[in-house]
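Following: one structure in structure tokens, then a few remarks.
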Amino acid sequence: MIGFSVENNYPVPMDEAVRLLHRIGFDAVSFNWKLGVDLTGGIQAARSLDMPIHYLHAPQGAYHTLWTQDAPEMLQLILQTLEDCKSWSVPIYVLHTCSDFVPITPDRAIGERNFRRITDTAARYGITVAFENTARPSYLKALMELYADDPHVGYCWDSGHEQCYAPQEDFLAQYGDRLLVTHLNDNIGMSTPGEPNSADDLHLIPGDGIADWVNQLKRLRGANKVDILSFELKRVSKPNQKLRLYDDLSLAEYFEKVYVHALKLEDAYRRSW
Ligand SMILES: [Zn+2]
Numbered sequence: 001m002i003g004f005s006v007e008n009n010y011p012v013p014m015d016e017a018v019r020l021l022h023r024i025g026f027d028a029v030s031f032n033w034k035l036g037v038d039l040t041g042g043i044q045a046a047r048s049l050d051m052p053i054h055y056l057h058a059p060q061g062a063y064h065t066l067w068t069q070d071a072p073e074m075l076q077l078i079l080q081t082l083e084d085c086k087s088w089s090v091p092i093y094v095l096h097t098c099s100d101f102v103p104i105t106p107d108r109a110i111g112e113r114n115f116r117r118i119t120d121t122a123a124r125y126g127i128t129v130a131f132e133n134t135a136r137p138s139y140l141k142a143l144m145e146l147y148a149d150d151p152h153v154g155y156c157w158d159s160g161h162e163q164c165y166a167p168q169e170d171f172l173a174q175y176g177d178r179l180l181v182t183h184l185n186d187n188i189g190m191s192t193p194g195e196p197n198s199a200d201d202l203h204l205i206p207g208d209g210i211a212d213w214v215n216q217l218k219r220l221r222g223a224n225k226v227d228i229l230s231f232e233l234k235r236v237s238k239p240n241q242k243l244r245l246y247d248d249l250s251l252a253e254y255f256e257k258v259y260v261h262a263l264k265l266e267d268a269y270r271r272s273w
């Protein structure tokens, strides 16, 4: 199955975007929780079309405070969004492990206490938490070790984050046996070697960046098999983004272009099993 992460900034209401994705052929969708964005139209549209809702993505925010303060506001926000995840019966909650660029002095014990609150709550609700690789692999590593034997915790591989933030890492080799979610996307790599920069995180359609997708698929095949191969793509990733490839496409044309590429990858992925 092909999954697609629905963005919050389309020129049409979210339910319409979901119906369009369904018409084009996408099998499953996922949503990004964001303060001030009402996801219920999209959720209801997916339900009425029998499209599985693969995961809910936790909100953006001050993740670094989870490592510096006991029960910070960010924890409350995350716990609140887990309530939505539960009430919408979404089985997986995708979570970042730290803010990417805020300098901090982490306190491991505080961090572990805060994350335990999240994972304990999720487990009680029957929700599995998938930690995603971002720009700071050490926080992901600490949590994947903390939850090494926890069946309610797994891994979300963001192929683009790996490529532009941490190309020295092979996250699938490290956590592929616990893979639950893919965020497949592309970019043109790290603009200044050794210096992660959010401007590089473009979430382009696979094939529009520099990734070697034959190799990416080979790596994916070595990881835990996922039923839904999910794509996390953005028509425009950043304000003032220099590389804008999709400006001339309507939303439908853009989704169709995504689907053509996603189908090719999904087909190759399935054929190998
Ligand atoms: Zn991602």
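Last residue of the sequence shown: 273 in the working numbering, with the numbers rising by one and none dropped.
Think of the CB as a built atom: it goes at the ideal place given N, C-alpha and C, for glycine as much as any other residue.
Could you give the first and the last residue of the continuous beta strand (DSSP E) run that contains residue i?
i           : result
residue 93  : 92-95
residue 158 : 153-158
residue 132 : 128-132
residue 147 : No beta strand (DSSP E) holds residue 147; DSSP gives it neither H nor E.
residue 53  : 53-57
residue 282 : Examination of residue 282 is not possible in this model, given that the chain is present from 1 through 273 alone.
Which residue wins for smallest C-alpha separation from residue i, given the options the options?
i           : options            : result
residue 157 : 151, 118, 173, 150 : 173
residue 166 : 140, 105, 258      : 140
residue 130 : 255, 226, 260      : 226
residue 151 : 170, 56, 135, 177  : 177
residue 185 : 223, 220, 232, 214 : 232
residue 204 : 76, 257, 218, 66   : 257
residue 249 : 125, 56, 11, 6     : 11
residue 121 : 148, 92, 144, 105  : 92
residue 1   : 155, 124, 54       : 54
If you draw a straight line from the alpha carbon of residue i to that of residue j, how long is it in whole angstroms?
i           : j           : result
residue 188 : residue 209 : 5 Å
residue 243 : residue 171 : 26 Å
residue 206 : residue 84  : 31 Å
residue 237 : residue 133 : 18 Å
residue 28  : residue 260 : 16 Å
residue 275 : residue 254 : This structure cannot settle anything about residue 275, because the visible part of the chain is limited to 1 through 273.
residue 162 : residue 169 : 7 Å
So, using beta-carbon positions, are residue i and residue j closer together than 8 Å?
i           : j           : result
residue 4   : residue 21  : yes
residue 269 : residue 229 : yes
residue 128 : residue 90  : no
residue 180 : residue 118 : no
With a 10 Å radius around its C-beta and 16 neighbouring C-beta atoms as the bar for buried, classify residue i as buried or exposed.
i           : result
residue 81  : buried
residue 35  : exposed
residue 111 : buried
residue 114 : buried
residue 263 : exposed
In terms of residues, what are the limits of the alpha helix (DSSP H) holding residue i?
i           : result
residue 84  : 73-87
residue 171 : 171-175
residue 29  : Note, residue 29: premise wrong, no alpha helix (DSSP H); beta strand (DSSP E) at 28-32.
residue 259 : 251-271
Original post:
Around ligand 2, what residues have a beta-carbon under 5 Å from a heavy atom of it, in chain order?
Top reply: Ligand 2 is not part of this structure, which contains only ligand 1.
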